[in-house]
Structure formats: structure tokens, C-alpha cells
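Peer 1:
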Amino acid sequence: MTRDHKHAALVRGAPGQRVLGRASWVGLLAVAVILLAGGAVGAAILHLQHSDTAARLLAGLPDEVAADPALLRFATIQARPLFAAHCASCHGENMKGNPRIGAPDLTDAIWLYGDGSVYGIERTILYGIRSGRSKAHNVTDMPAFGQRGMLSDGEIRELVQYLLKLNGHPYEGEAAEEGRALYYGKPDCGDCHGGDARGDSDYGAPDLTVNVWNNGGDPQSLYDSLYFGRHRIMPAWIGTLSLEQIRALAVYIYAMSHRSEALRVGHAQAVASAMGEP
Amino acid sequence: MPPTVAAQRPAAWKAVLGRLARPPQRSAALPACGVALGLAVAAVGLFRPAPRAVVAVPAGYVALVNQKGILMSDFIAQTQSETGSAFSEATPAERARVLHEMIDEELLVQRALVLDLPETTTEVRDIMASGVNAQVDAPLGAVVPTDAQLRAFYESHRAKYTTGGSMTLHDLVLHIGGYENADQTLAQAETDAADAVYQLRSGSSIDYVKEHFGFVDSGRVDDTEQLDFAAKLHLGAKLYEAASILADGEISEPIVDSDGVHVLVMQRRRPPRIADFAVARNQIYSDYRDAENRRARQQNLKILRSEAQILLAPGQSE
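Protein chains in written order, with the numbering used here: chain A, 162 to 439; chain B, 122 to 439.
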């Protein structure tokens with residue numbers, strides 16, 4: 162068969178083969194157009210719904226959002242990939258933090274700065290910690306008592322024993338007593354951490370009594386914190402992420418850190434979804 | 122029957138009309154469509170009203186000031202800061218006042234940009250430059266130096282870590298010229314001063330030298346202990362240089378200065394000493410941090426320069 166004959170067969174159909182008529186082609190075309198139009202309308206509706214929910218996510222006061230199950234669900238869906246892309250490298254995929262770099266556990270409802278409200282978390286994401294922006298958290302930092310020669314090696318070891326005692330770990334009694342005297346003495350730890358060692362979230366000074374340590378709570382890590390000081394930073398995400406994304410992340414982190422509370426108020430599904438649970 | 126008007130047209134017109142009446146060729150039709158479309162777009166662009174400004178405040182903002190948003194988060198933070206209580210406890214009047222202030226501030230900032238204050242006002246330029254440097258410094262704060270790095274820094278900057286010296290001395294001067302010393306020449310004064318130095322080194326008292334040669338206290342220092350920087354300030358660089366190398370009880374050679382010939386009698390000298398690493402480590406730590414920040418800022422400027430187009434006028438250099 163020559164090329165012309167093949168072409169003709171394709172157009173007309175091979176001998177004995179049934180060929181679609183013109184009306185059938187028109188019908189098929191009409192169905193395709195209808196399907197496409199339906200898809201477009203559906204996508205438009207979904208887009209509008211998304212836009213509406215996104216607007217509602219930002220429209221209210223930050224702490225009101227977490228009380229709305231629909232918004233909580235929307236925020237967690239938006240935030241999960243964002244967290245994986247921008248936050249997990251420091252805080253971990255499971256949000257449990259990384260003591261090696263001082264990245265805190267975001268699930269324990271214990272906050273270095275602020276009170277753990279959506280507003281407080283959002284504020285930290287917006288402007289960061291010691292990010293070089295004046296709106297960032299940057300009141301003070303942990304001095305390098307050893308490196309600056311403000312405390313001797315022995316004094317630091319005594320303070321470590323006192324911290325172990327405060328947190329219910331085995332400690333050396335006499336050294337812990339010396340450490341306690343030091344706490345209120347030369348370095349004046351209470352100036353930031355408080356006379357009761359419960360910390361001060363205005364300064365970003367951690368509670369030293371709850372056995373939660375961003376940089377590790379073993380004796381060597383505690384020694385290093387006292388000797389080298391701590392000056393951790395977190396970038397400001399304003400300008401990099403949209404306000405909607407930042408709000409979604411704040412709500413998501415809030416939900417993760419208040420999981421039991423969220424469950425109690427009926428957000429179980431959203432939280433379970435956010436945790437990747439069936 | 123008279124001929125029609127059309128029939129009276131010249132033959133040339135007939136030819137033109139005939140060409141127009143013919144269907145256009147493809148090569149001419151497409152450009153013509155393009156031109157028509159372009160004109161239509163231009164007309165729409167020219168005559169339609171300018172796009173209207175956004176009139177609704179976007180979600181996440183509390184106000185728009187000339188299209189510039191004031192963040193809700195900033196409003197909450199400012200309200201809490203000013204009222205000293207939670208945002209939810211702030212009264213409507215308090216919130217309104219804070220918002221009013223924030224809008225005022227935004228207006229002033231925008232006005233500052235219109236007035237090009239970064240170009241014309243030193244303080245604005247300084248704070249902008251400092252803001253950029255703060256951004257450069259920020260990540261360095263998290264990098265903790267090791268003791269070895271601090272010690273290496275100390276070793277390479279030892280002269281910087283000196284304890285301040287001090288001195289207690291007499292500064293005697295034999296004035297030249299003036300009403301009381303009109304007959305005194307420089308040569309005679311130098312000779313007398315050399316004799317005085319000899320007498321002092323032989324054990325004569327300062328009072329004897331004053332009485333015998335006519336020396337007086339210069340008044341530049343008293344008989345109290347002076348820190349080195351203060352002694353240098355009071356004595357002047359030339360006399361300080363001579364004084365700083367004298368030990369306790371030593372007498373300087375005669376020194377000619379603007380007001381006469383001086384002789385310095387050192388009573389007590391504590392020379393500056395280089396501080397041990399352990400003593401100076403607090404300062405070393407701060408200096409190391411500062412040096413790292415300076416290095417990062419220089420690096421940042423190097424990058425900015427590499428990306429910038431900088432032209433200097435003829436004859437200028439930097």
C-alpha cells in the first residue's frame with residue numbers, strides 16, 4: 162500500500178472498519194468541552210474557597226484562629242509542607258528540636274519567648290530571634306562565663322551540680338550547695354532566670370527547673386552552656402514567606418504544642434491529620 | 122439620459138476602488154489586523170480610567186496608609202507595649218490611640234522617603250548603614266569561638282592588652298625670655314639646666330635647685346599620681362616621652378620645650394604591663410567578636426562593590 166492509500170484508509174477507515182461519523186465527532190467534542198468547562202468551574206470554586214479560607218485565616222486575631230476547627234485544619238494542611246521546607250532542617254521533621262544547634266522542641270508547650278500563643282509564635286516567625294532586626298527577640302543572651310573569665314572552671318562545675326539538683330538528677334551535695342550560693346552571687350543568674358530559677362520569657366531566659374534544655378541537659382552540655390554561653394539565632398521569615406504562610410505555621414505549631422488541649426476542644430481530626438495519623 | 126456621477130469619475134479612481142473591493146491578500150491582511158489590534162489596545166490603555174487604588178485593607182493588616190500596610194501583629198505588639206497589658210484587655214480607646222500613633226509614624230516615614238532623608242540627613246544614613254551591618258553581624262553571634270582562637274587572637278594583639286601605667290613626678294622649668302627672664306638665653310638656660318641635673322643626681326634637693334638656678338614648677342603636673350594618658354595630656358608628647366622611660370628617683374636630661382628648659386624628677390613610676398591572657402580574656406572575647414564582625418562587614422562590602430557600578434570623576438581616587 163502506498164503512502165497515499167494508507168492516508169486515505171486512515172481518513173475513511175480500512176475496508177470493513179466502522180468509521181465515526183461527523184455527528185459523533187461533534188458529540189465527542191461537545192463532551193470534551195463540557196468536561197473542560199466543568200473542571201474549570203470546579204477549580205475556580207476551589208480557588209475561591211481557598212482564598213476565602215486564607216483570608217479568614219488572616220482576618221481574625223491570631224489567637225482566635227486556633228479556636229476554629231476549619232481554620233485549624235486549613236492551617237495544618239498549608240503549614241506541613243512549609244514546615245518541612247523551611248523549619249525542619251533545624252527543628253527536625255518531628256518538631257522535636259536539635260540540642261546540638263540549640264533548636265527547641267516545638268511540641269512541649271514550653272517556650273523560651275512569649276507564652277506560646279499563636280500571636281507569640283507568629284511574632285517569632287515574623288521577626289526571628291537575634292536576626293539583626295530590631296523587632297526580633299533580642300533582649301539578652303547567655304554570657305560566656307568561662308570564656309570571658311567571669312567564672313572559674315570549678316565554679317562552673319558547682320553551678321552544674323546545682324542545676325542537676327534543681328532538675329531532680331543525681332548531684333554532688335556540697336558542690337550543689339556551692340553552686341546555689343553562686344547562683345545568687347557573682348554571676349547573678351537570678352537576674353535573668355529569676356530568683357526561683359523559673360526563667361523569664363520576656364528575656365528569653367529558660368526555666369531551669371523543668372528539665373527542658375534547648376542545648377542539652379547532661380552535665381557536659383550544661384557546662385558548655387555556662388562556659389561558652391549561648392547566642393542562638395532564628396531568621397526572620399517576613400518577606401520570605403507570605404503573611405498567610407506565617408500565620409498557618411504559627412497555628413500549626415501552636416496546635417502541635419497544645420495537642421492535648423486541641424484534642425480536648427474537638428480538633429482531634431485536624432491535629433491527627435497534622436501529625437500524619439490516619 | 123444624463124450620465125451618473127459614478128460614471129463621471131476618472132478612470133484612476135475606478136482602478137483604486139477596484140483594488141479596494143478585491144479580497145485582500147494574506148500578506149497584507151495579517152499586518153493590518155496586527156496594526157488594528159495594537160491600536161485598539163493602545164486606545165483602551167489611553168482612555169480607560171487609571172486602576173483604582175486598593176480600598177480594602179488586606180487580611181493580616183490593620184490599616185493601609187498610602188497603600189502601605191501596618192501589620193496586625195505590629196499593632197498588637199505596640200498596643201501591648203504601650204498599655205502594659207494583653208491586647209484583649211486594651212480598651213477601644215487605647216487601641217484607637219495606638220493605631221493613630223502608628224499611622225502618624227507611617228506618614229512621617231513615608232514623608233522622610235519623599236524628602237529623600239537617606240540622602241540628606243546624616244542620622245538617617247547612619248541608622249540605615251547600622252541596620253545593614255546588624256544584619257551582617259547577626260549570624261556571627263551564634264558562632265562560638267574556641268579558647269584556642271581567643272588565645273591566638275591575644276598572641277597577635279598582645280600590645281593591645283596593657284594595664285595602664287602611672288607616674289608621680291616633678292616638672293621643673295627654667296623659663297627663657299619674658300619680663301623676669303629677659304636676660305636668659307637658651308644657651309645659658311641649657312647650661313644651667315645641665316648643672317641642675319648634675320646637682321640633683323648628686324643628691325641636691327629640688328628646693329636647692331629652684332633657689333640656686335631659678336627653676337620653678339611648670340604647673341603642668343602636681344605631685345599626685347597621674348595615669349599615663351593624663352600625664353601625656355598634661356605634659357605634652359615631648360615631655361611625656363622623656364618621662365615614660367624614667368624609673369623611680371631618676372632625673373631626666375634637660376629638655377627644651379616652648380616655654381623653656383625642663384628637668385623631670387620622677388618620684389614613682391609604674392610602667393604599663395601586658396596583661397596575662399587570663400586577666401584580659403573578657404576584653405579579648407569582646408575584641409575577638411568585634412574583629413569577626415568587622416571582617417564580615419568588609420566581606421559584605423566587597424560583595425556589594427563587586428555588584429555595584431561605581432564611577433569616579435576624573436582625578437578622583439578612593
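Idealized CB from N, CA, C, for every residue including glycine. Quick caveat, the model's predicted, so the values are computed rather than measured.
Are at least three pairs of beta-carbons, each pair with one atom in the segment 285 to 297 of chain B and one in the segment 380 to 400 of chain B, less than 8 Å apart?
Peer 2: Yes, the segment 285 to 297 of chain B touches the segment 380 to 400 of chain B.
Peer 1: Quick one: Cα of B/V294 to Cα of B/P393, how far?
Peer 2: C-alpha separation (whole angstroms): 27 Å.
Peer 1: What in chain B is Cβ-close to A/A305, meaning under 8 Å?
Peer 2: Per Cβ cutoff of 8 Å: V265 and Y406.
Peer 1: Let me see if you follow: with CB-CB separation under 8 Å, is B/P260 close to chain A or not?
Peer 2: Closer than 8 Å to some Cβ of chain A, the Cβ of B/P260 qualifies, so yes.
Peer 1: Quick check on the burial criterion: 16 or more other C-beta atoms within 10 angstroms. Buried or exposed for B/H333?
Peer 2: Its Cβ having fewer than 16 others within 10 Å, B/H333 is exposed.
Peer 1: Would A/A297 pass as a contact of A/I290 if the rule is Cβ separation under 8 Å?
Peer 2: It is a contact, given that the beta carbons lie within the stated cut-off.
Peer 1: By the 8 Å beta-carbon criterion, what residues does the segment 279 to 293 of chain B contribute toward chain A?
Peer 2: Of all residues in the segment 279 to 293 of chain B, none has a Cβ within less than 8 Å of some Cβ in chain A.
Peer 1: Less than 7 Å between C-beta atoms, sequence neighbours within five positions excluded: which residues of the same chain meet that for A/P439?
Peer 2: In this prediction, A/P439 scores a pLDDT of 44, lower than 50, which makes its location untrustworthy; no coordinate-derived value is stated.
Peer 1: Between which two residues does the beta strand (DSSP E) holding B/D292 run?
Peer 2: Taken as a continuous stretch (DSSP letters only), the beta strand (DSSP E) holding B/D292 covers S287 to H296.
Peer 1: At what residues does the beta strand (DSSP E) containing A/Q187 begin and finish?
Peer 2: The sequence shown places Val at residue 187 of chain A, not Gln. That residue, A/V187, is in no beta strand (DSSP E); its alpha helix (DSSP H) goes R183 to A220.
Peer 1: Quick check on B/V183: does DSSP put it in helix, strand or coil?
Peer 2: Correct three-state label for B/V183: strand.
Peer 1: Anything in chain B within Cβ reach of A/S280, meaning under 8 Å, just list it in chain order.
Peer 2: The identity of residue 280 of chain A in the sequence shown is Tyr, whereas the question assumes Ser. Within 8 Å Cβ-Cβ: S194, I197 and F208.
Peer 1: Under the assumption that B/V318 contacts B/P375 (Cβ atoms under 8 Å), give the Cβ distance between them as a whole number of angstroms.
Peer 2: So it is a contact: roughly 6 Å between Cβ atoms.
Peer 1: Closer than 7 Å, Cβ to Cβ, to anything on chain B: give me those residues from the segment 253 to 287 of chain A, in chain order.
Peer 2: Listed in sequence order: Y280, E283, R284 and L287.
Peer 1: Is the distance from the Cβ of A/L218 to the Cβ of A/E405 below 8 Å?
Peer 2: Going by C-beta atoms, A/L218 is nearer than 8 Å to A/E405.
Peer 1: In angstroms, rounded to a whole number, what distance separates the CA positions of B/D349 and A/D368?
Peer 2: Approximately 47 Å, taken between the alpha carbons.
Peer 1: If you measure from the beta carbon of B/D268 to each beta carbon in chain A, is any gap under 8 Å?
Peer 2: For B/D268, the answer is yes, since a Cβ of chain A falls inside 8 Å of its Cβ.
Peer 1: Taking 8 Å as the threshold, find out whether the segment 300 to 314 of chain A comes into contact with the segment 387 to 395 of chain A through three or more Cβ pairs.
Peer 2: Judged by Cβ distances under 8 Å, the segment 300 to 314 of chain A makes contact with the segment 387 to 395 of chain A, as three or more pairs qualify.
Peer 1: Which of the three DSSP states is assigned to A/G329 in this structure?
Peer 2: DSSP places A/G329 in coil when its eight states are reduced to three.
Peer 1: Apart from the five residues on each side of it in sequence, which residues of its chain come closer than 7 Å, Cβ to Cβ, to A/Y323?
Peer 2: A337, G340, R341 and Y344, listed in sequence order.
Peer 1: Would you kindly check if the distance between the Cβ of B/N414 and the Cβ of B/L261 is under 8 Å?
Peer 2: Cβ distance < 8 Å, so B/L261 and B/N414 count as in contact.
Peer 1: Leaving out the 5 sequence neighbours to the left and right, which residues in its chain are closer than 8 Å to A/S362 when beta-carbon positions are compared?
Peer 2: Result list for A/S362: W272, L273, Y274, G275 and D276, in chain order.
Peer 1: Can you check which of these residues, A/I206, A/V321, A/H211 and A/T401, is closest to A/S382 by C-alpha distance?
Peer 2: The residue with the shortest Cα to Cα distance from A/S382 is A/V321.
Peer 1: Are any of the Cβ atoms in chain A nearer than 8 Å to that of B/A163?
Peer 2: Judged by the 8 Å Cβ criterion, B/A163 is not in contact with chain A.
Peer 1: Tell me, which residues are paired with A/N259 by DSSP?
Peer 2: Its beta-bridge partners are A/A264.
Peer 1: Between the segment 411 to 420 of chain A and the segment 234 to 254 of chain A, do three or more beta carbon pairs fall short of 8 Å?
Peer 2: At 8 Å Cβ cutoff, the stretches touch.
Peer 1: What residues from chain D crowd round A/L410, counting only those whose CB sits closer than 8 Å?
Peer 2: Structure shown: chain D not included; protein chains present are A and B.
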